[in-house]
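Here the structure is laid out as C-alpha coordinates; the discussion comes afterwards.
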Amino acid sequence: MSGFREPGFADRQKAAQDARKNLLNKFKSQPGPDDPAVAARRAEREALAAKRAEAKAAREAEKAEQKRLEEEAKAAEAARIAREAQEAAERQAALEAEQKAKRDARYAARKAKRK
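Counting from 16, one number per residue, gives the positions in the sequence shown under our numbering.
As C-alpha coordinates, then:
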(Lines of atoms letter the chains of each structure in order from A and count residues from 1; the text may use other names and numbers.)
(Lines give C-alpha, C1' and ligand atoms only; values in the text may rest on other atoms or scores of the structure.)
Protein backbone atom coordinates (compact mmCIF):
# COMPACT_ATOMS: atom_id res chain seq x y z
CA MET A 1 0.00 0.00 0.00
CA SER A 2 1.50 3.26 -1.08
CA GLY A 3 1.28 6.29 1.12
CA PHE A 4 -1.17 9.12 0.51
CA ARG A 5 0.42 11.91 -1.47
CA GLU A 6 -0.73 15.41 -0.44
CA PRO A 7 -1.59 17.40 -3.59
CA GLY A 8 0.65 20.40 -3.99
CA PHE A 9 -0.20 23.91 -5.18
CA ALA A 10 0.49 23.09 -8.83
CA ASP A 11 -1.75 19.99 -8.66
CA ARG A 12 -4.59 21.97 -7.12
CA GLN A 13 -4.16 24.73 -9.68
CA LYS A 14 -4.21 22.23 -12.57
CA ALA A 15 -7.33 20.52 -11.12
CA ALA A 16 -9.14 23.88 -10.86
CA GLN A 17 -8.13 24.78 -14.42
CA ASP A 18 -9.40 21.40 -15.69
CA ALA A 19 -12.69 21.90 -13.82
CA ARG A 20 -13.16 25.36 -15.38
CA LYS A 21 -12.35 23.97 -18.83
CA ASN A 22 -14.85 21.09 -18.38
CA LEU A 23 -17.52 23.53 -17.24
CA LEU A 24 -16.87 25.80 -20.23
CA ASN A 25 -17.01 22.82 -22.63
CA LYS A 26 -20.26 21.67 -21.05
CA PHE A 27 -21.76 25.16 -21.48
CA LYS A 28 -20.54 25.46 -25.07
CA SER A 29 -21.96 22.04 -25.99
CA GLN A 30 -25.48 23.15 -25.05
CA PRO A 31 -27.71 24.05 -28.01
CA GLY A 32 -28.20 27.74 -28.80
CA PRO A 33 -31.48 29.64 -28.91
CA ASP A 34 -31.76 29.16 -32.69
CA ASP A 35 -31.46 25.37 -32.43
CA PRO A 36 -34.57 23.52 -33.74
CA ALA A 37 -34.89 21.40 -30.58
CA VAL A 38 -34.82 24.51 -28.37
CA ALA A 39 -37.33 26.25 -30.64
CA ALA A 40 -39.60 23.19 -30.50
CA ARG A 41 -39.46 23.09 -26.69
CA ARG A 42 -40.16 26.83 -26.52
CA ALA A 43 -43.14 26.45 -28.88
CA GLU A 44 -44.44 23.57 -26.77
CA ARG A 45 -44.13 25.65 -23.57
CA GLU A 46 -45.92 28.57 -25.24
CA ALA A 47 -48.70 26.26 -26.43
CA LEU A 48 -49.11 24.89 -22.90
CA ALA A 49 -49.17 28.41 -21.47
CA ALA A 50 -51.81 29.44 -24.01
CA LYS A 51 -53.88 26.35 -23.18
CA ARG A 52 -53.61 27.12 -19.46
CA ALA A 53 -54.63 30.74 -20.04
CA GLU A 54 -57.61 29.60 -22.12
CA ALA A 55 -58.68 27.13 -19.42
CA LYS A 56 -58.32 29.82 -16.76
CA ALA A 57 -60.43 32.24 -18.80
CA ALA A 58 -63.09 29.54 -19.25
CA ARG A 59 -63.10 28.83 -15.49
CA GLU A 60 -63.42 32.54 -14.71
CA ALA A 61 -66.25 32.91 -17.23
CA GLU A 62 -68.04 29.95 -15.65
CA LYS A 63 -67.54 31.43 -12.18
CA ALA A 64 -68.92 34.77 -13.39
CA GLU A 65 -71.94 33.03 -14.93
CA GLN A 66 -72.51 31.05 -11.72
CA LYS A 67 -72.27 34.24 -9.67
CA ARG A 68 -74.72 36.00 -12.01
CA LEU A 69 -77.18 33.11 -11.65
CA GLU A 70 -76.83 33.20 -7.87
CA GLU A 71 -77.43 36.96 -7.85
CA GLU A 72 -80.53 36.51 -10.02
CA ALA A 73 -81.79 33.79 -7.67
CA LYS A 74 -81.19 36.04 -4.66
CA ALA A 75 -82.99 38.93 -6.36
CA ALA A 76 -85.94 36.68 -7.26
CA GLU A 77 -86.08 35.39 -3.69
CA ALA A 78 -85.98 38.94 -2.31
CA ALA A 79 -88.77 39.99 -4.71
CA ARG A 80 -90.84 36.96 -3.65
CA ILE A 81 -90.35 37.78 0.03
CA ALA A 82 -91.27 41.44 -0.56
CA ARG A 83 -94.36 40.40 -2.56
CA GLU A 84 -95.45 38.01 0.19
CA ALA A 85 -94.94 40.70 2.83
CA GLN A 86 -96.99 43.16 0.78
CA GLU A 87 -99.76 40.57 0.29
CA ALA A 88 -99.74 39.83 4.01
CA ALA A 89 -100.01 43.55 4.76
CA GLU A 90 -102.89 43.87 2.28
CA ARG A 91 -104.67 40.86 3.85
CA GLN A 92 -104.16 42.36 7.30
CA ALA A 93 -105.52 45.72 6.13
CA ALA A 94 -108.54 44.02 4.51
CA LEU A 95 -109.17 42.00 7.69
CA GLU A 96 -108.97 45.15 9.83
CA ALA A 97 -111.34 46.97 7.45
CA GLU A 98 -113.78 44.05 7.60
CA GLN A 99 -113.61 43.94 11.40
CA LYS A 100 -114.15 47.71 11.56
CA ALA A 101 -117.14 47.43 9.24
CA LYS A 102 -118.65 44.71 11.45
CA ARG A 103 -117.97 46.76 14.57
CA ASP A 104 -119.53 49.86 12.97
CA ALA A 105 -122.57 47.78 11.91
CA ARG A 106 -123.01 46.50 15.46
CA TYR A 107 -122.66 50.05 16.82
CA ALA A 108 -125.18 51.37 14.29
CA ALA A 109 -127.58 48.54 15.15
CA ARG A 110 -127.30 49.38 18.86
CA LYS A 111 -127.94 53.03 18.13
CA ALA A 112 -130.90 52.21 15.92
CA LYS A 113 -132.31 49.92 18.59
CA ARG A 114 -132.27 52.73 21.18
CA LYS A 115 -134.23 55.11 18.97
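Ideal Cβ positions, reconstructed from N, Cα and C, are used throughout, including at glycine.
When the beta-carbon positions are compared, P22 and A34 stay at least 9 Å from each other. D49 has its alpha-carbon roughly 14 Å from the corresponding atom of K43. Straight through space, the alpha carbons of R95 and K66 are spaced by roughly 43 Å. DSSP places R20 in the coil class of the three-state scheme, outside both helix and strand.
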